[in-house]
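Residues in the sequence shown are numbered consecutively from 129, following this note's numbering.
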Amino acid sequence: MKHHQYLPLAAATLLLAGCGTNLLSRNEEIQVGKEGARGIEQKYRLSTNQADNALVQRIGNRLTSANNLSDWPWTFKVIDDPMVNAVSLPGGPIYVFRGLLDATNRNESELAGIIGHEIAHIEKRHAAKQYSNQVVAGTIISVGTGGSVQTAAQIANLFIQLEYSRGDEYEADSAAIAYMHRAGYDPYGLVRFFEKLMAMQKEGRGNVITNNLRTHPLTSARIERAKAEIARITEAISRDNEALDMIRTE
Ligand SMILES: [Zn+2]
């Protein structure tokens, strides 16, 4: 029998009250994510393609180590499934679907855009805002009271279907752009990936794009916003460099 940690009763009571954000401690979030990861790995088959796994891990590690991110136990895995999808769970687990690798032709900057976006959801603890939702609260509480196979599956489904607010999506895009820039990736990779998804939808191939990428509001407005954000971040950095040059030449 597996050992399970339990949410303190006080946390469960707060969850039932359905208020506020960050009701779970970091360790509790990590536990929810681990339980959800177990469910995802029961639901889907992990890819055994070493090159694909190494690619996704390399990008994830480069983004997290270049950005002084919180010390979450990050994991980056590939799911052997043709859907164009990526899923993040609280506390560190990130899954990239083989269909997404195919859609990007394994282009590193495009993948860094979407992996950076998922990293941002975890780092900014966006899932915590959903804990006031009754379904989420109920499932999270059941982790504290047993952690059966069923709850692992429920948590997995919850995060596969989770819809973040537009504000959180925009915040994750902005963070992804900054992460990419600092890690030495071309931030336009994110824009190119969005444009590919839009093209797929226009060509009637949108059915392979899963809900959680499609419902991330994928609009021209979102793409224009990402472009403006790239300009803002790269300008800010070149201004810093100019200032440094002036200091150096003085
Ligand atoms: Zn998102």
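For each residue, glycine too, the CB sits at the ideal point set by N, CA and C.
Three-state secondary structure assigned by DSSP to residue i
i, result
"Lys324", "helix"
"Thr176", "coil"
"Tyr292", "coil"
"Thr347", "coil"
"Tyr223", "strand"
"Thr203", "strand"
"Thr362", "helix"
"Gly332", "coil"
Closer than 6 Å: residue i CB and nearest ligand 1 heavy atom
i, result
"Ala300", "yes"
"Glu156", "no"
"Glu352", "no"
"Glu163", "no"
"Glu357", "no"
"Glu297", "yes"
Closest Cα partner of residue i within the set the options
i, options, result
"Leu346", "Gly332, Arg367, Phe321", "Phe321"
"Asn177", "Ser198, Leu197, Ile207", "Ile207"
"Glu291", "Tyr172, Glu156, Ser216", "Ser216"
"Lys205", "Ser193, Ala240, Tyr223, Met211", "Tyr223"
"Ala306", "Lys171, Ile242, Leu183", "Ile242"
Residues near residue i in its chain [Cβ-Cβ closer than 6 Å; skip 5 each side]
i, result
"Arg166", "Ala280"
"His309", "Pro315, Ile361"
"Pro201", "Gly220"
"Thr149", "In this prediction, Thr149 scores a pLDDT of 48, lower than 50, which makes its location untrustworthy; the coordinate-derived value is nonetheless stated afterwards. Once the five neighbours on either side are set aside, the close Cβ partners of Thr149 are Ala256, Lys257."
"Tyr313", "Ser237, Ala240"
"Asp296", "His254"
"Ala112", "Residue coverage of the chain in this structure runs from 129 to 378, which leaves residue 112 outside it and unanswerable."
Residue i - partner residues in DSSP beta bridges
i, result
"Ile337", "Val212"
Own chain partners of residue i with C-beta closer than 8 Å, once the 5 adjacent residues on each side are dropped
i, result
"Gly227", "Asp209, Pro210, Met211, Val212, Asn213, Val336"
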